[in-house]
Structures are given as structure tokens and as C-alpha cells.
Amino acid sequence: MRKIIGSTSAALAVAVGAALLAPPAAQAAPVYPFADPDPFYGAPADVGARADGDVLASRTVAATGFPTADAWQVKYKSTNSAGAPIAAVTTVLVPRGTPANRPLVSYQPFVNALGLECAPSHQLFTGGLQEAPALNALLARGWAVAIPDHLGPTSAYGAAKLGGRLVLDGVRAAQRLPEAGLGGSPVGLAGYSGGAMATNWAAALAPTYAPELNIVGAAEGGTPVNIGELADRLGSTRSQAFGLGFAAAIGLEREYPTRSPLGDGLNGDGLALRAQMSNMCTDSILGAGAGKSLPDLTNGPGILADPSGRAVMDENSVELYPGVPRTPMFVWHGSADPLVAIGPVQNTVARYCSQGARVQFDVIPGADHGTATMLGAGPAFGYLGDRFAGIPAPSNC
């Protein structure tokens, strides 16, 4: 009997050891966020039969932190990067007592996150959204504000082109919500950093994706216009900001699971970090990734050397997208920004100018990525105010 137990234990030990040494195939598959427990966020069965921007559901919400506004969460139909229908959410804030068709600003917060609980529609009314003061400043001007969950239903951080579509379809949905009274509103776009990525993509896609929208201006700052350049800089050497680059790679894998297979090239430490980050918000992502690099986490060159993965990065880099915004743009950037390089932004602005776009490009001397946020916000909102007033847009092309 003792011999049988010993043999069984030995066999079990061998089996367990083999299981630990050989990572299961499922470990390399994309890691998605926990499902949102609120059924409001789910896609209805007929979502594929609806037009982009159609309202699928809406509900009023208590506008905690925005005492002058009425608020709705609006679920709408959009399309992901594979061409499949998805349900997305935007939050619409409308100042009380203002007339119908007041200006509407779609404001894209810098949501550098992988968990669904980090989305603006969750963070807006819990005090978790850092940009709430900016939203109140917009409301104080009498403008309505739409705040889309621009990372989409899988929190695909880094999938910036998807973000552009979600912004435009979110504007459509806000204008199709009868009780908001925004059906004829002129539209402005605004965002900083990760929010600026979605803003720039929305402006660039609008002429072909949503030509019917009356977008009178876009204001963006600290814009990461080239995902590949950012990945090379943040991924190749150890960095305190590495977590953001790694999170973007996770998000791109979620949106492009066959074309950007991050997990295939990760070692055990990389797979563990990806799993650890899969539901994190910005601060936790930065902490988890601090001081790391892709060489620490990969077997060989990894995703940065993969042609398919590079193509996905290029497709989500608005610097490389041939389309040009037709709406006037205000672009600002800190001259000393260590996170988002100014060179690709200068290249993008130069191309827009060469093709007839009206761009006001302001470089803030000495400002880093954080300080430029505040220094550029006031001029950006003033710029949108002038566009809503019908004043001709300036350009320093």
C-alpha cells in the first residue's frame, strides 16, 4: 500500500512539475478585462442591425460633481477594428436652462487604462476623473459635453483609430438623444494625451467616416501621434513610464488578437505582468511597469520586431494616416515633454498645413507633459469658443 501511495505521489509530482514548466497555450492568448457587471453596458442581440451612432439605450444619472447639469449615459452602436458591431457608451452633460442646439464638445479624457471600471462613465461621478474641473469649465460656458468611453468595450488602450470612431459615433448618439436637445448643435472636439489621440483620429476620420457632423474645431495637446515611435522609446530600455507602453501593447492585442499577438513573445515574467495589469487603471499600471523594459519580459525581440505587430502600430498612428482633418485645429505641446516626443507632432502638423488644413500650433517653452496640460487648456477652450462664435480660425502654418 505504501509503495502504491509513493508511486502515485511521484507521478503526481512529475505531472505538476511538467504543468509548471510548460505554459498552457491559453496563457499566450489575449487577456481581456473582467466583464462589466452592469447589464446596461452589454450589447443587444440586434446591435448588428443598427446604424453607427444609433442609440441602443439611455438612462439618466445623478450628475454628482456637476451641479449645473443634467446627465445621461447613452449606449450606442459602433464598429470595432475587425468590422464587427459593438456597443459603446458616452456620458452626456447638458447645462440646465440653456436653449436647444447649444454647442456640444466631445471631450476625451486621458484614460490610460485596461480595466473597464476605469472608463469615464464609471469614474465621472465617483471623483476618479482628474479632468472633472475641465468639464465644469466647459459647462460654465453653456456648452453641452459628451464624454465617450473611447477605449471601447474591451478597454483597448492604444487602439487609437478605434477611439476616433467611438468619438464620432458618440457625437452622433448624443445628437440622436431627443431629451438632450442637441440635434442641431455645432460640435467641438477636445482632449489631452491619450484623449488627444482619440481627438486627432476623430478629426482625421470625420471627412470620410462622419461627414454629416458639423465639427467646427478640434483642440488637442500632448498628442501621441506615432504609436510605434512611442513603443520603441518606452519599450526598449528600462523606464518609469514603461507601464503605459506595455499597457498599449496589451490593448492593441485585445483589438487585434491575431495580428498583434503580444503574448506569443512574452516570457514568464511578461505573461505574469500582462495578467497583473489586465484590469488596472493608470496609476497602478505605472507602478506595476516602473523600471521594466520589453527585453526583461520577452523571449527574443518580441512584438517590436514582429512585422504584423508593427503594421498594427502604424495603422493606429495618425502621423502615418493619409487623411487630413477638414476642421480647424488647435494643437499644443510642451517643448520639454519627455513622454510624448514633439518631433512626430511637428511632422503631422506640417503635413496637415501642406494639404490646406488650418492649424494653430503652440509650443509651450519649458513645459513637460504634465504642466502643458494646464497651460494649454485655457487657450484651447478659448479657441473652441471662437469657432462656436463663427470667428475665422487662426493658423500659423
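In the working numbering, the protein residues as written are 48 to 444. For each residue, glycine too, the CB sits at the ideal point set by N, CA and C. Owing to the predicted nature of the structure, the values given are computational and were not obtained by experimental measurement.
Going by the DSSP bridge assignment, what does P132 pair with across the sheet? For this step, residue 132 is matched to residue 85 along the sequence shown. In DSSP, P132 forms a bridge with T126.
With H, G and I counted as helix, E and B as strand and the rest as coil, what does DSSP make of V371? Position 324 of the sequence shown holds residue 371. DSSP places V371 in coil when its eight states are reduced to three.
Between the Cα of L176 and the Cα atoms of A75, P412, A352 and F113, which residue gives the shortest distance? Here residue 176 refers to the residue found at position 129 when the sequence shown is read from its first residue. Of the listed residues, the one whose Cα sits closest to L176 is F113.
Hey, is L176's beta-carbon within less than 8 Å of any beta-carbon in chain D? Structure shown: chain D not included; a single protein chain is present.
Rounded separation between G282 and P412 - CA only: For the purposes of this step, residue 282 is taken as the residue at position 235 of the sequence shown. For the purposes of this step, residue 412 is taken as the residue at position 365 of the sequence shown. About 27 Å.
Would you identify the three-state DSSP class for M360, choosing helix, strand or coil? For the purposes of this step, residue 360 is identified with residue 313 of the sequence shown, where counting begins at 1. M360: helix per DSSP, three-state reduction.
For G217 and D311, what's the separation of their Cα atoms in angstroms? Walking along the sequence shown from the start, residue 217 turns up at place 170. Walking along the sequence shown from the start, residue 311 turns up at place 264. One C-alpha to the other measures close to 34 Å.
Segment limits, alpha helix (DSSP H) that includes E300: Here residue 300 corresponds to residue number 253 of the sequence shown, with the count starting at 1. F289 to E302 is the span of the alpha helix (DSSP H), which, as asked, contains E300.
With a threshold of 16 other CB atoms inside 10 Å of the CB of Q402, please say whether the residue is buried or exposed. Walking along the sequence shown from the start, residue 402 turns up at place 355. Exposed: under 16 other Cβ atoms inside 10 Å.
So G370 and A251 are supposed to be a Cβ contact under 8 Å. How far apart are they, rounded? Along the sequence shown, one-based indexing puts residue 370 at 323. Along the sequence shown, one-based indexing puts residue 251 at 204. Sure, about 5 Å apart at Cβ, within 8 Å.
Ends of the beta strand (DSSP E) at H416? Taking the sequence shown and counting its residues from 1, the one referred to as residue 416 is at position 369. First-last for H416: H416 to F435, but that is the alpha helix (DSSP H), not the beta strand (DSSP E).
Starting from Q155, trace the beta strand (DSSP E) both ways and give me its first and last residue. Reading the sequence shown from its first residue, position 108 is the one you call residue 155. Counting along the chain, the beta strand (DSSP E) containing Q155 begins and ends at L151 to Q155.
Over the uninterrupted beta strand (DSSP E) stretch that includes H169, give me the two end residues. Residue mapping note: residue 169 aligns to position 122 of the sequence shown, counting from 1. Where H169 is concerned, there is no enclosing beta strand (DSSP E), although the alpha helix (DSSP H) it sits in stretches over P167 to Q170.
For R373, the nearest candidate out of G228, A440 and G425 (CA to CA): Within the sequence shown, the letter at position 326 stands for residue 373. When only C-alpha atoms are compared, the closest one is A440.
Report the CB separation of V121 from V139 in whole angstroms; it is logged as a contact under 8 Å. Residue 121 sits at position 74 when you count from the first residue of the sequence shown. Residue 139 sits at position 92 when you count from the first residue of the sequence shown. Indeed they touch by this definition, with Cβ atoms about 6 Å apart.
Report the three-state DSSP secondary structure of M376 (helix, strand or coil). Taking the first residue of the sequence shown as position 1, residue 376 is located at position 329. If DSSP states are grouped into helix, strand and coil, M376 belongs with the strands.
Would you say A392 and H416 are within 8 Å of each other, going by their C-beta atoms? If you number the sequence shown from 1, residue 392 lands on position 345. If you number the sequence shown from 1, residue 416 lands on position 369. What sits at residue 392 in the sequence shown is Val, not Ala. No. Outside cutoff.
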